[in-house]
Amino acid sequence: MPKKSRTKKTKSSSRVLRKSAKRLTSIQHQREKKVLAYDIGGTKVHAAIITEKGRVLDEVRVSVDFSKGKAEVFRQWIDAGKSLLQRHPEVRHVGVASAGPLDPAKGRLLDPTNFKDADGKTWGVVPISKLLSRGLGGIPVVLENDAAAAVMAEHWVGAARGVADGMILTLGTGVGTGMMVDGKLVRAGKGLHTEGGHMIIRAGDVSAICGCGNHGCIESYLSGRSFERRARQALRAKEGDAGFSGQELAERARAGEPEVRALFEEYAELLAVAIHNFVVLYAPKTVVLAGSFANAADLFLEKTRTHLEELLVRRRHGVDFLPKVVVSSLENRAGVLGGAFVAFQQIIC
Ligand SMILES: [Zn+2]
């Protein structure tokens, strides 16, 4: 057989093989169980169809205007889910990761901090699971706190994959905490979720005012919003001055501005103190940093690790308490993946 035609034949059979492999993968995808998952925050909603292996098959992200009132916000949440369910009618379970506080067992939001109408009126207690289920045609809905969902997602398919003792710190508008010990989520008493962002690390520091009404909370230093406020204070800038968004400050530090670099050094030290305090309580093997401020990790992560090692120097003998500190690998999908994880747990139970 001439060489040319043999090559042709090999090429065409490999194409056939590729095609059938593709078809097989697509059949496997169709056979995998799927759920609809939500990540609900104070400015947007992210909904996705996710398989039991943590694959995101389809997703929508919508900005939500809370100023139009609760009914309109619910309509937007429901529409986002409905658009996905129309394309995936076989999906019969929904998992929701939401900003809190909330009661996961009863499926209720408990006057969530960042959900407010235009006149500043807060929402009070809202049976979110029941209302979403009704809007989505009666399919069951389970609810979870967003930081709790995120730590479960990291444990399932992220940076703490397969790690039984792990924790997450979400460094966003606020600071959220989620812990897993022995593969199980750690809850607080009274059916609540741990509010680690409000652990006080510098009592009486009037320069660090927290939204909770206290001074010196972890959140009052380590949230993106707090970092921006502290930068304006330190550099004597006024509200509205340009160059003080988290991203701009990171760029200024990368460009070598010493005052801004010093702020990131303080951030690294305080983050190490915060992590130390969680380590002595929960002994996580891996600490995952997530949220938009984790994008600036190149400016503080190494120093955080060094400070943490110093703080834990006496806790490395016998049982080594020093955890791995890493940045989330799930980008901005930890919330929906966590929502999916809790929905799958419901299916298994
Ligand atoms: Zn606080």
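Numbering (this note's numbering), first residue to last: -5 to 343.
Quick reminder that beta carbons are idealized off the backbone N, C-alpha and C, glycines included.
Can you look up residue i in the DSSP assignment and give me helix, strand or coil?
i      : result
Ala74  : helix
Ile312 : Per the sequence presented here, residue 312 reads as Gly, with Ile not at that position. Reduced to three states, the DSSP call for Gly312 is coil.
Leu130 : coil
Ile269 : helix
Thr37  : coil
Leu186 : coil
His209 : strand
Arg255 : helix
Ile203 : strand
Asn139 : strand
Ile341 : helix
Thr300 : helix
Asp111 : coil
Asp235 : coil
Val307 : helix
By how many angstroms is the C-alpha of residue j removed from the C-alpha of residue i?
i      : j      : result
His82  : Ile43  : 8 Å
Gln340 : Ala334 : 10 Å
Leu79  : Asp113 : 34 Å
Ala141 : Glu251 : 33 Å
Ala236 : Ser92  : 32 Å
Leu96  : Arg12  : 48 Å
His149 : Arg230 : 42 Å
Arg181 : Thr188 : 6 Å
Ser123 : Leu130 : 10 Å
Ala256 : Lys178 : 38 Å
Leu302 : Ile162 : 16 Å
Gly118 : Ala249 : 45 Å
Glu84  : Arg25  : 11 Å
Phe338 : Ala143 : 12 Å
Cys204 : Ser286 : 19 Å
His311 : Lys297 : 22 Å
Ala99  : Gly185 : 8 Å
Arg86  : Ile133 : 6 Å
Gly207 : Glu213 : 12 Å
Gly36  : Leu264 : 26 Å
Val274 : Val313 : 12 Å
Gly101 : Ala244 : 38 Å
Pro121 : Ala262 : 39 Å
Leu324 : Arg49  : 11 Å
Report, in whole angstroms, the separation of the C-beta atoms of residue i and residue j, which I expect to be a contact under 8 Å.
i      : j      : result
Leu306 : Leu295 : Not quite, the Cβ-Cβ distance comes to about 16 Å (not below 8 Å), so this is no contact.
Val29  : Gly89  : 6 Å
Lys279 : Val157 : 5 Å
Val169 : Ser217 : 5 Å
Glu222 : Phe238 : 5 Å
Val136 : Ile195 : Not confirmed; about 34 Å, so no contact.
Leaving out the 5 sequence neighbours to the left and right, which residues in its chain are closer than 8 Å to residue i when beta-carbon positions are compared?
i      : result
Ser61  : Asp111 and Ala112
Thr171 : Ala141, Met161, Ile162, Leu163, Thr164, Thr188, Glu189, Gly190, Gly191 and Phe272
Glu233 : Arg226
Ala291 : Leu283 and Val321
Asp105 : Pro95, Thr116, Trp117, Gly118 and Val119
Val67  : Val58, Asp59, Phe60 and Phe109
Arg219 : Thr167 and Gly168
For residue i, is the beta carbon positioned less than 7 Å from some heavy atom of ligand 3?
i      : result
Ser214 : This structure lacks ligand 3; the ligands present are ligand 1.
With which residues is residue i paired in a DSSP beta bridge?
i      : result
Thr45  : Lys28
Arg55  : His40
Lys90  : A quick correction: the sequence has Val, not Lys, at residue 90. In the DSSP output, where bridge partners are listed per residue, Val90 has Tyr32 and Leu137.
Ile162 : Gly172 and Val282
Thr116 : Lys110
Ile194 : Cys211
Excluding the five sequence neighbours on either side, which residues of its own chain have a C-beta within less than 7 Å of the C-beta of residue i, listed in chain order?
i      : result
Val175 : Asp159 and Tyr276
Arg55  : Lys38 and His40
Lys47  : Glu26
Gly198 : His209 and Gly210
Ala328 : Ala144, Ala147, Glu148, Gly152, Ala284 and Ser322
Which residues in the same chain have their Cβ closer than 6 Å to the Cβ of residue i, if we skip the five residues on either side of it in sequence?
i      : result
Ile269 : Val281 and Leu302
Gly332 : Ala91, Ala143, Ala144, Met146 and Ala147
Ala288 : Leu165 and Val321
Ala74  : Val39, Ala41, Val54 and Val56
Ala154 : Glu148, Gly160, Thr280 and Val282
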